[in-house]
Structure formats: structure tokens, C-alpha cells
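**Q** This is the structure, below, for whatever I ask next.
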């Protein structure tokens, strides 16, 4: 194993009563990287993270965390990581400060440093005013911040963040992303699972795309976007977007590859360069008035849709479901 | 070094539980008042030999003190998700479970000591044997706390844990020689009695306080309590490991 690897995963597999949740996945994460694990709900992201954290026993395969085998050296590998689970799960009855001190005790932080470290982390996550408030009395965003602080109490070289901004308001999510960048800036390796493509795009050095338990792509966000550059994406604003069968009519046009409706706009992917004249004429013949045209650069979402084969509408439904 | 870290983690898990759950009024009342009320009820019905009830009262106090919270604590924390924090920490599953059990055992030991001290004010025990009493209290506390731990990992819901705990506890009160001597029970019932840990707890406590009443060698009772604790602990680890996947 290379010495600068934070994570080395080989053929990791998990079956739940015969159901294959994670299917022989293989990847490596370098020290200092922000590595994104992107996939729709039920893709196996959380199962993977739970195996890597020692919460689930893999059915097959192996993985090492900072050089420690997760099955043979479980306790030592757990000492190398901080984990922020999808649900903020500190002790409800303990105050913010007590929770951090307790985590320090569990992770073997020396007694003379425990309280100082807890105070520092409370400042880092800006919860000074909530220091002596029980965890149960904190808002969702504050709970999330304190759970991150708890994962940092022993200053681990690798942090797992499972859907860190899920369910947070815009401000809290932004603060959290800033914190992730700061942590990474200090050399901490971040393993981030998310279904939020833009979050992965902005935070991650590399992204693995997981679908139905399988990794189907691992690359930088830019390289993933390039994979869809053969296609031209154009956004059309239309005066009368609710014409019957409009979507089907557009799809029926020869060089149209994909069509997605976003409110009053249609985002249309053309095979090769858009045939402007013939396409605008085609729309005009069907009574459509075009009000605006914008050519679009491919986004990570485009790449994700292409790689996973997921329908954009389904993705929107998933996102909404996740928020709810 | 690794053992020292594990032992420290066990200590902190139990200390946290003791502070958070055990020394709280509802738990103290369940651990002390319920066994006292039961003993008083029996005494009022048959007001001779209250002194003879003391070992049984102590056994009951340990049973209820150790299991009342222990039997629900893991289920409760698993429901809330906070148990996962312990599983994520660099501690073995065995260590996490031991931390939980030690917390319950410590509380059972302390409440039984409180009942013992109160008993010493009212009764004299000429055959008082402290050397035997302390291991009797400690092993009884461990056996019942491990029983609570086993119940706690065996079920999914808190109400199931409470129901299952009572299913074990209430028959034990009447079958383990707390109020009714085992020798006076029908033979098939006696067989059941000798399968229950409270029987050996009461026997060893009787040996410690009223040695002339005992029908069972003290060392055998202590050994059986240790075996009960070990078996239940082993079973709890296996069940929990299976439940976690």
C-alpha cells in the first residue's frame, strides 16, 4: 500500500440478507484530499461509510484506514478517524461542553488537554453561547456543528462526513462548507458522501460516482464534466411553454439528444453543434415563440446524469425527498 | 497500552451512564423503594423473622437496582442513535458492553449497600461475614446487570425491554427463596429455582449474614453467579454483534 493513502479499498462488498448493497467497490483516497462519494439515495453510500468506520462488517473484501486494516485492526483504525453521521447523534442530556469532554475521554485525549480542546472546538463551531446548553436544546444546524466538533476532538487525520449539509438552512450549510475547506486546508483528509452534486463540485478534489452499489466513475469534477462535452447544451426561454405535446415535439427533432424543463425554460442537449436555423424554424412552425437563448457549459449534474443514466426529474424528486 | 486505553474507555462509559441515568430519583425509587415495599408487605402478612428477609431484600434490591435502567439503556440509546457514538469510538464492542454493564452493577452495589447499612441499624447479625458479603454483593450486581444488558441488546424497543425484564424479575422474586424457602416449593418448581441467578445471590447473602440458615456452600453460589455473568455477557456480545451486522 502506498504510504500517502488515507483510504485503500479493495473489493469491499456488503450483502443484507442476500441483497447486494455494496458490490465489490475499489478506490483509494490520498492523504489531504477531499474525496466525494456521490450517488442517488440507496446507492450504498452510507453502507460503505459504515463499513469503513467499523460499524458494519464487510461481507467480502478489505479496506485500510491510514494503513490500519478495518477488520484486523478495528480499534486502531477507528482512532484514525472522526465521523459525522447523517443524523447528529450526540448525547441529548449532556451539554455541548460535556459531550465534547466525553468524546475526548472515549478517544483517549489526555486529561490535561481534554477541557482545553473542548473549549477550542466550541469556539471553532461558534457555539460559545450554547456551551452549557444540553444537546437536545440546540437547533439542527447547531447540532450538526457540534457533531462535527465531536469528530475533531482527537484531531484525526481523516474525517468521514455523511450528508453533512442535509436538512440544513442555507446559512448553516454555507458555514459548514467553509469549515470543511478550513479543515482540509489544515491537512485533514475528508471523505464526503453527498447526493448534492453542487456541493461535491465545489468541495471535492475527486469524486466517485456510486450507483446500485457499484462505483461507475472516479475522477476530478472537471474530468467528469469533460465526459459530456461532446454535447451542446442550450437553454431556451419560451413565451408559451405550456403548449400541448411541446416536450415530445422537441424530443422528436433530429439532432436533439436530451430535453429538460426548468420552469419556463427548456434545457436542450444537441448532438454536436445546434442547428440554429432549422431548429428555430421547427419551433416557429409549432407556434412557439423563443424569448431567450443561452448556451450552457456542461455541469457536474449533466455528467452525473450521463454517467448514472438517471432521469433528471427523478433526481429532483430525490432531492426534494431528501430535504423532506 | 491498548488494554489501559480500553479500561479507561470502559470506566468513562460507565461513569457517564451513572451520572446521566442511574442516580436519578425515578431509578433510585425503583431500585430501593420497590424491594422495600415488597418486603414490608410480606412482613405485615407474617410479622416474624424480618431479619431472615434481609438477605432476600438485599438480593431484590440488587436485582431491581441493576436491571431497572440497564435493561433499557442500550435499547434507548440505539433508538436515539447515541449508542453509535460509542461504537464509533476506538473501543471494542466487548468494551462498550462492559462499560454499560459496570454502570448498572455499580448502581446495584451502592443501593444494596444503602439497604444493608439501614438494616444494620435495626438488626444484629452475629454471623456477619464481610469477606464473603463483598464478593456476594459484587457478583450479584454483575450477574443482574449483565442480565439487564442481555435484555437490552435482545430487543428493539424500550417497552419490549421493560416487559422482558419484568418477565424475568417477578417470577424470580417468588422462586428464588427471597420470601418462600426453596425447600418448601414443589420439586419441579425447585428445579426452576436452581436455574435462576437470584437464588444464588440470596444464598450467598444468607451465608454472609445468617450462615446457619444457608443450605448451599457459599463458594458454589459465588462461582455460579460468576458463570451466569460470563455466559450472559458472552451471549450479549454475540447478540449485539449480530444485530449490528
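Residue numbers (this note's numbering), protein chains in the order written: chain A, 108 to 431; chain B, 3 to 247. Ideal Cβ positions, reconstructed from N, Cα and C, are used throughout, including at glycine.
1) Give me, in chain order, the residues of the same chain whose beta-carbon lies closer than 6 Å to that of residue 430/A; leave out the 5 immediate sequence neighbours on both sides.
2) Does residue 14/B pass the burial test, meaning 16 or more other C-beta atoms within 10 Å, or should it be called exposed?
3) Please confirm if the segment 135 to 148 of chain B is in contact with the segment 217 to 227 of chain B, defined as three or more CB-CB distances below 8 Å between the two stretches.
4) What are the start and end residues of each continuous beta strand (DSSP E) run of 3 or more residues lying completely inside the segment 138 to 164 of chain A, in chain order?
5) Which one of 113/A, 130/A, 114/A, 115/A has the shortest CA to CA distance from residue 121/A?
6) With 16 as the cutoff for other CB atoms within 10 Å, does residue 295/B come out buried or exposed?
7) Of the choices 113/A, 161/A, 240/A, 146/A, whose alpha-carbon is the least far from that of residue 314/A?
8) Figure out for me which residue from 142/B, 150/B, 17/B, 189/B has the closest Cα to the Cα of residue 204/B.
9) Since residue 438/A meets chain B, which of its residues come closer than 9 Å, beta carbon to beta carbon?
10) Indicate whether at least one CB of chain A lies closer than 9 Å to the CB of residue 7/B.
11) State the CB to CB distance for the pair residue 86/B and residue 263/A, rounded to an integer number of angstroms; the pair is presumed to be in contact (CB under 8 Å).
12) Among residues of its own chain, excluding the 5 on either side of residue 206/B, which ones have a beta-carbon nearer than 6 Å to its beta-carbon?
13) Determine whether the beta carbon atoms of residue 69/B and residue 110/B lie at a separation below 9 Å.
14) With 9 Å set as the bound, which would you pick, yes or no: does the beta-carbon of residue 75/B sit closer than that to a beta-carbon of chain A?
15) State the Cα-Cα distance for the pair residue 248/A and residue 182/A, rounded to the nearest angstrom.
16) Hey, how far is the Cα of residue 161/A from the Cα of residue 309/A?
17) With 9 Å as the threshold, decide whether the Cβ of residue 209/A is near any Cβ in chain B.
18) Under 9 Å between C-beta atoms, does residue 247/B make it to chain A?
19) Buried or exposed: where does residue 23/B fall if 16 or more other Cβ atoms within 10 Å of its Cβ makes it buried?
20) Give the residues of chain A in contact with residue 84/B, contact being defined as C-beta atoms less than 8 Å apart.
21) Taking contact to mean at least 3 C-beta pairs separated by less than 8 Å, is the segment 186 to 201 of chain B in contact with the segment 118 to 136 of chain B?
22) Given this structure, state the Cα-to-Cα distance separating residue 108/A from residue 367/A, to the nearest angstrom.
23) Of all Cβ atoms in chain B, is any one closer than 9 Å to the Cβ of residue 90/A?
24) Rounding to the nearest angstrom, what Cα-Cα distance links residue 54/B and residue 44/B in this structure?
25) Using 9 Å as the limit for Cβ to Cβ distance, is residue 186/A near chain B?
26) Run down chain B in chain order and give the residues with a C-beta less than 7 Å from the C-beta of residue 275/A.
27) With 7 Å as the limit, tell me which residues of the segment 31 to 48 of chain B have their beta carbon closer than that to any beta carbon of chain A; keep them in chain order.
28) Are the beta-carbon atoms of residue 256/A and residue 287/A separated by less than 9 Å?
29) Using 8 Å for Cβ pairs, my map puts residue 114/A next to residue 172/A. What's the rounded Cβ distance?
30) At the 9 Å Cβ level, is residue 183/A part of the contact set with chain B, yes or no?
31) So, does the segment 298 to 309 of chain A touch the segment 263 to 276 of chain A, judging by three or more C-beta pairs under 8 Å?
32) Could you run through the segment 143 to 164 of chain A and flag, in chain order, every residue whose CB is less than 8 Å away from some CB of chain B?
33) For chain A, find out if any of its Cβ atoms is closer than 9 Å to the Cβ of residue 16/B; answer yes or no.
34) According to DSSP, is residue 108/A helix, strand or coil?
35) Look at residue 380/A and residue 139/A and say whether their C-beta atoms are less than 9 Å apart.
36) On the DSSP bridge list, what partners appear for residue 240/A?
**A** Walking through what the data contain:
1) Only weak support exists for where residue 430/A lies, its pLDDT of 44 falling under 50; the value from the coordinates is given anyway. Excluding sequence neighbours, residue 430/A sits near nothing in its chain.
2) Its Cβ being crowded by 16 or more others within 10 Å, residue 14/B is buried.
3) yes
4) 141 to 145
5) Nearest of 113/A, 130/A, 114/A, 115/A to residue 121/A, Cα basis: 130/A.
6) With chain B represented from 3 up to 247, any question about residue 295/B goes unanswered, as that position is not in the structure.
7) 146/A
8) 142/B
9) This structure cannot settle anything about residue 438/A, because the visible part of chain A is limited to 108 through 431.
10) yes
11) About 17 Å; that fails the 8 Å criterion.
12) 138, 220, 223, 224
13) yes
14) no
15) Taken atom to atom, the span from the alpha-carbon of residue 248/A to that of residue 182/A is near 30 Å.
16) Put simply, the backbone Cα of residue 161/A is about 29 Å away from that of residue 309/A.
17) Answer yes: the Cβ-Cβ gap between residue 209/A and chain B drops below 9 Å somewhere.
18) yes
19) buried
20) 196, 197, 198, 199
21) no
22) Residue placement at residue 108/A is poorly supported in this model, since its pLDDT is 49, which falls under 50; the coordinates are not used for a value here.
23) Nothing about residue 90/A can be read from this structure; chain A reaches only from 108 to 431.
24) 12 Å
25) yes
26) What residue 275/A touches in chain B: nothing, since even the nearest Cβ is about 17 Å away.
27) Those residues of the segment 31 to 48 of chain B that come within reach of chain A (Cβ to Cβ, closer than 7 Å) do not exist; the list is empty.
28) no
29) 6 Å
30) yes
31) Touching, yes, given that three or more Cβ pairs across the two stretches are closer than 8 Å.
32) 160, 161, 162, 163, 164
33) no
34) Confidence at residue 108/A is low in this model, with a pLDDT of 49, below 50, so the placement of that residue is unreliable and no value is reported for it.
35) Cβ atoms of residue 380/A and residue 139/A: not closer than 9 Å.
36) Answer is none; residue 240/A lacks a bridge partner.
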